[in-house]
Amino acid sequence: MEQPSTPQEPAHRYTAKLAQDIEARWQNYWRENGTFNAPNPVGDLAPADGHQLPADKLFVQDMFPYPSGAGLHVGHPLGYIATDVFARFNRMLGKNVLHTLGYDAFGLPAEQYAIQTGTHPRTTTMANIKNMRRQLGVLGLGHDQRRSVATTDPEFFKWTQWIFLTIYNSWFDAEAGKARPIAELIPQLESGKIPTPAGFALPYAELSRLDQQRVVDTFRLVYRANSMVNWCPGLGTVLANEEVTAEGRSERGNFPVFRRRLSQWMMRITAYADRLLDDLELLDWPEKVKTMQRNWIGRSEGAEVDFFAAGHAIRVFTTRPDTLFGATYLVLAPEHELVDALVAAGSGSYEGVDERWTYGAANPADAVARYRRDIAAKSDLERQENKDKTGVFLGAYGVNPVSGKEVPIFIADYVLTGYGTGAIMAVPAHDERDFEFAHVFGLPIVQVLDGGDIAEAAFTGDGPHVNSANSTGLDLNGVGKKEGIDKTIAWLEANGCGARKVQYKLRDWLFARQRYWGEPFPIVYDEEGVAHPLPASMLPVTLPEVADYAPPTFDPEDADSEPQPPLAKERDWVEVRLDLGDGEKTYYRDTNVMPQWAGSSWYQLRYIDPHNDEAFCDIENERYWTGPRPDMHGENDPGGVDLYVGGVEHAVLHLLYSRFWHKVLFDLGFVTSKEPYRRLYNQGYIQAYAYTDARGVYVPAAEVEERDGKFFYQGQEVFQEYGKMGKSLKNAVAPDDICRDFGADTLRVYEMSMGPLDTSRPWATKDVVGAYRFLQRTWRLVIDEATGAVLVDTGASGAGDGGAEPTEEDLKALHRTIAGVREDYEALRDNTVVAKLIGYVNYLTKTYPGSVPLALVEPLVLMLAPVAPHIAEELWARLGHEQTLAYEAFPVAEEKWLTDDEVRLPVQVNGKVRGHVTVLADAAREDILAAAKAEERIAGHLEGKTVVKEILVPGRMINLVVK
């Protein structure tokens with residue numbers, strides 16, 4: 001699509017070559033002059049002359065990009081260009097604007113590449129960052145480069161480790177509803193104000209040092225637990241849920257993934273569930289994202305109920321404790337901690353048991369082992385959505401607390417340890433999954449809610465209770481849902497077998513990976529296995545140089561293999577002599593690393609104060625950039641970044657994690673904002689056609705030819721489909737190519753004009769030329785293509801050729817454009833900004849074939865500047881200005897030109913336009929209709945006919961219905 005030069009082409013036409021020259025020159029000017037450097041109130045980025053900063057500021061941020069080795073395609077810069085446009089516009093409104101871009105640079109792809117090639121992940125990562133900076137630099141993004149960070153920089157992950165330790169050294173005071181330092185917990189444990197947790201026989205003050213440490217650890221916001229993880233032997237690592245496909249295989253490599261228990265670091269995000277839920281109301285976020293977070297947190301009210309079996313209390317959570325009389329069996333997750341104990345305490349035999357309960361085994365122990373093995377590779381999603389109900393009877397029975405009846409205990413894969421208590425009471429008459437399971441296994445079904453026939457399906461509606469009374473004071477028969485729930489909970493609490501409970505779907509955050517390329521934990525262990533946090537003076541803990549980046553891998557089908565992190569092999573690094581206050585001793589480093597989410601959970605704070613050696617961010621700088629602004633945003637303003645733009649795919653995990661970290665830092669007094677991101681905007685995607693051959697294999701879209709409505713690749717017919725642009729579909733278009741063929745401003749204008757920012761849009765390289773021609777027309781308004789001379793009269797008179805002054809029509813066109821463009825820039829409607837500017841340029845081109853009055857051109861250049869900054873800077877300079885326009889005041893519309901004294905209305909006769917009439921804008925209805933009827937062309941259509949109806953839509957149209 002490159003625009004070729006021809007001998008006849010005017011020497012000063014706006015071409016791709018000229019655009020590139022202009023863009024390179026202005027990008028160099030901005031860089032050398034620090035044009036987009038935003039000052040801080042204090043520290044090394046504070047103004048050298050000490051001048052006061054504007055109170056009106058804007059912090060706009062893009063979601064952290066990962067520097068991929070594949071480089072950028074034209075879909076990637078969509079959000080970056082949009083935030084740049086918004087930032088430039090707000091600078092012209094006089095605001096102090098902070099806008100920069102860093103890199104979320106720890107990641108599995110670089111580690112996998114290191115395993116394959118032996119290249120250090122840092123080498124690959126830095127090369128990828130360099131290439132991405134180059135690609136983005138060509139686009140002219142107005143970033144404060146002094147503030148750019150990468151999570152892999154030791155100066156950055158030092159503070160990631162420090163924040164981890166800060167959270168580790170904190171506990172959640174439920175009474176105060178906030179985090180507090182561990183140092184404030186210990187006196188309360190010593191005094192007995194806070195009792196020692198269950199499981200410790202003595203008061204805290206009488207415990208051994210080791211047991212006291214264990215007590216404290218049970219309160220920490222970071223703790224170790226034996227948790228269920230996704231173990232992938234083929235990759236030799238534990239995977240996060242998002243790295244496992246619905247089929248229970250690794251997203252990378254397609255290896256089987258098995259569920260197993262492993263001692264892991266966990267973050268107690270569940271302590272903040274209510275605040276994470278309630279504070280969503282304070283945020284200017286898309287309602288869709290808020291709903292996704294609410295569903296993920298999953299707050300539900302009900303009761304915890306204990307079923308007793310063989311000396312064990314099996315605790316279940318239910319939102320409908322009033323249906324307990326219908327609970328005819330229990331189901332535990334196969335991984336539930338009581339399964340083995342219940343099997344051991346049971347009959348040990350399947351003699352006389354329905355064979356459907358045995359899973360084809362001779363006894364419960366064999367059946368459980370076989371069943372666990374068979375489901376080990378299933379993902380949570382697959383287990384929940386599995387239509388075929390399977391399970392195993394444990395050979396044990398529990399007692400229903402309200403009926404006193406024994407109920408059999410099963411394990412089944414549709415129950416998960418990650419939700420609730422990992423055990424459910426099954427009420428098959430009123431739950432579809434329980435109903436299906438009961439039918440498969442021949443279990444009793446007892447109806448306890450009247451109003452539906454349960455012969456063929458569960459009754460999931462509501463009705464008065466039936467079959468719901470016992471001899472110890474609980475009688476629900478005839479009562480409704482709410483009364484039934486309240487009476488049941490009161491009875492459970494009075495009888496010591498249950499209590500009211502608020503339950504969350506949200507689980508604590510698994511915060512460890514068995515990899516090399518990540519932030520090391522600032523924790524060491526002594527010979528007794530007790531964890532010791534390192535002092536801040538020993539940070540950062542850096543990764544050792546290693547010969548082999550791969551964790552030990554195993555037979556992909558070996559579910560019993562043991563995870564071994566790559567760092568475990570580095571004994572010289574693992575074993576370390578340290579003095580932590582009681583003399584030098586040998587300690588052992590943690591060989592796991594933090595997950596990739598760590599750096600992105602707080603990076604906006606480092607953008608604020610990127611070079612601070614004393615703190616992750618000076619609170620005065622944080623207060624200025626992200627502190628609450630009740631004067632602007634209302635008394636409940638939580639503070640945070642003013643605009644955060646990124647894809648909806650991060651709606652839950654990243655945003656939930658960053659909110660959690662931020663709230664802990666707020667509780668401890670390190671930040672003034674309650675939330676990290678005040679306003680969130682999700683941009684859409686750029687999509688493109690992709691092509692597959694007869695085998696279903698994708699072929700390079702750029703090499704496909706269209707002939708007679710069909711598509712061909714290397715002579716063979718291929719088939720067109722539509723999808724997200726990317727490497728896997730072989731339909732990516734590099735921004736480098738578009739900038740080479742048209743210039744960066746053309747790419748910026750095209751991407752902003754393609755449609756609303758929050759919707760996905762199709763890419764069509766052939767349509768880029770439309771944006772290119774618009775910029776050429778704008779150029780021709782100011783510059784003579786033959787001579788390079790400025791066509792606009794830049795004299796003091798402000799007149800164009802022949803001293804022309806703007807007409808009233810000119811001023812209406814100008815000020816209406818200004819008003820619309822200002823409103824659209826503010827609302828991120830850049831597509832309609834471009835449309836309005838095209839309309840205005842077309843008006844000037846048609847109205848002034850010679851030269852245009854300066855008063856009409858200068859505002860155009862300023863309005864164009866946010867979306868096409870290079871050509872705007874060049875035109876501004878050629879119009880005689882010596883300074884960059886980056887801080888020029890954005891034009892303001894004059895109100896008097898926004899309304900018409902007269903309006904021209906179409907006049908219809910029986911629904912067909914027959915002419916127009918010009919009337920005063922505020923004319924009375926009867927005067928408008930009289931003028932319409934008197935208009936010569938209209939009168940001809942009324943002659944000899946009777947007007948039976950007169951329709952006037954003010955300011956829009958007139959319709960006369962005649963017979």
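Each residue of the sequence shown is one higher than the one before, starting from 1 at the first, in my numbering. No residue lacks a Cβ here, since even glycine has one placed at the ideal position from N, Cα and C.
Going by the CB atoms, is the gap between residue j and residue i shorter than 9 Å?
i, j, result
"A872", "L862", "yes"
"W231", "S561", "yes"
"V257", "L239", "yes"
"S148", "P869", "no"
"P197", "D558", "no"
"I372", "L416", "Note on residue identity: the sequence assigns Arg, not Ile, to residue 372. No. Outside cutoff."
"L942", "K949", "no"
"Y504", "S658", "no"
"G94", "D56", "yes"
"A804", "P853", "yes"
"Q61", "Y644", "yes"
"P762", "Y689", "yes"
"V919", "E936", "no"
"G379", "P364", "Residue identity differs from the one stated: residue 379 is Ser in this sequence, not Gly. The answer is no: Cβ separation not under 9 Å."
"P567", "Y525", "Strictly speaking, residue 567 in this sequence is Leu, with Pro absent from that position. For L567 and Y525, no; Cβs fall outside 9 Å."
"F317", "G236", "no"
Would DSSP call residue i helix, strand or coil?
i, result
"A799", "Bear in mind that a pLDDT of 40 at A799, under 50, signals an unreliable position, so the number given afterwards is only what the model happens to contain. In this structure, A799 counts as coil in the three-state DSSP scheme."
"H650", "helix"
"D922", "coil"
"S263", "strand"
"C497", "coil"
"F64", "coil"
"T832", "helix"
"W897", "helix"
"A114", "helix"
"P4", "With a pLDDT of 48 at P4, under the threshold of 50, the modelled position of this residue cannot be trusted, and the question is left open."
"P756", "coil"
"G391", "coil"
"W285", "coil"
"N467", "coil"
"A19", "helix"
"K727", "coil"
"Q447", "coil"
When we look at the beta-carbon of residue i and count the other beta-carbons within 10 Å, is it buried (16 or more) or exposed?
i, result
"N621", "buried"
"N495", "exposed"
"F719", "exposed"
"G800", "Reliability fails at G800, whose pLDDT of 40 lies under 50, so the model's placement of it is uncertain and no value is given."
"Q264", "buried"
"G581", "exposed"
"V792", "buried"
"P676", "buried"
"K963", "exposed"
"L510", "buried"
"A650", "Reading the sequence as shown, one finds His at residue 650 and not Ala. Buried: at least 16 other Cβ atoms inside 10 Å."
"A429", "buried"
"F435", "buried"
"G802", "Interpretation of G802 is limited by its pLDDT of 40, a score under 50 that renders its predicted location unreliable; the figure taken from the coordinates is listed afterwards. Label assigned to G802: exposed."
"V697", "exposed"
"S797", "Unreliable positioning characterises S797 in this predicted model, as indicated by a pLDDT of 41, which lies under 50. A coordinate reading is not provided."
Taking the runs of the alpha helix (DSSP H) that are 4 residues or longer, which of them lie wholly in the stretch 564 to 638?
571 to 574, 597 to 600, 603 to 608, 619 to 626 and 630 to 633
If you pair each beta-carbon of the stretch 222 to 235 with each one of the stretch 187 to 207, do three or more pairs fall below 8 Å?
no
Are the stretch 316 to 327 and the stretch 442 to 453 touching, with three or more C-beta to C-beta distances below 8 Å?
yes
Please confirm if the stretch 752 to 762 is in contact with the stretch 31 to 49, defined as three or more CB-CB distances below 8 Å between the two stretches.
no
Contact between the stretch 483 to 498 and the stretch 240 to 250 (3+ Cβ pairs under 8 Å):
no
Which whole runs of the beta strand (DSSP E) in the stretch 290 to 369 are 3 residues long or more, in chain order?
300 to 309, 312 to 318 and 329 to 332
Looking at C-beta atoms only, is the number of pairs between the stretch 61 to 69 and the stretch 709 to 725 that lie closer than 8 Å three or more?
no
Within the chosen definition, does the stretch 534 to 542 reach the stretch 154 to 162 through at least 3 CB pairs nearer than 8 Å?
yes
Stretch pair the stretch 181 to 194 + the stretch 114 to 131: three plus CB contacts closer than 8 Å
Output reads no: the stretch 114 to 131 does not touch the stretch 181 to 194.
Residue ranges of each beta strand (DSSP E) within the stretch 130 to 211, 3 or longer:
170 to 173 and 178 to 181
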